[in-house]
Amino acid sequence: MEAQRTSLKLEEQLCFPLYTASRLVTQCYGPVLTALGITYPQYLVLLVLWENDDVNLSFIAQRLQLQSNTLTPLLKRMQEQGLITRTRSESDERNIVIALTDKAKNMKQEAEQIPQYLADKLPLSLDEARQLYSILYKLINSTGAAS
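No gaps in the numbering here: position 53 of the sequence shown is 1431 in my numbering, and each next residue is one more.
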């Protein structure tokens, strides 16, 4: 019976340190992303597009594990900022192709400093960072398959 009472303590919940760490790490990106004129979600989209340009909306949604209705307003803002183009596929009108503009392509070189910037801000050794990365992806891959 005692185990049930303690299991609802905030500090014993796995979700809380994950949520808090995610929020705090995301905040660390703030200054460098502000200097680039983008937000963290926009940065994630750009990471996908820097790897694979000219992709459809569902590809980006899958890579970021987001619903397309969450992604659509974000992509619209990015288009308004001149970072991407959104065009309907000639072969399938329902398919929207997302491509980088020259502005976003040129931004990649500046963004290449971001991983090192973040590594310098976090109090983790390289080994600890690799362990954390491995554990987080194990969690992501197992819970993603379960849902």
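Backbone N, C-alpha and C fix where the C-beta goes; we use that ideal spot for every residue, glycine too. Only a predicted model underlies this, so the values are computations on that prediction, with no experimental measurement involved.
In this chain, I1416 is not harboured by any beta strand (DSSP E), its DSSP state being neither H nor E. Between the beta-carbon of N1434 and that of V1403 there is about 29 Å, and that puts the pair past the 8 Å contact cut. According to the DSSP assignment, L1478 belongs to no alpha helix (DSSP H) but to the beta strand (DSSP E) extending over I1474 to L1478. Assignment of N1484 by DSSP, reduced to helix, strand and coil, places it in the helix class.
DSSP, read as helix, strand or coil, puts N1430 in coil. Per the Cβ contact rule, the segment 1477-1490 is in contact with the segment 1424-1431 (3 or more Cβ pairs under 8 Å). Under the three-pair Cβ rule at 8 Å, the segment 1438-1451 does not count as touching the segment 1497-1507. In this structure, R1464 lies near Q1457, with their beta-carbon atoms less than 7 Å apart.
Here I1416 is buried. Its C-beta has 16 or more other C-beta atoms within 10 Å.
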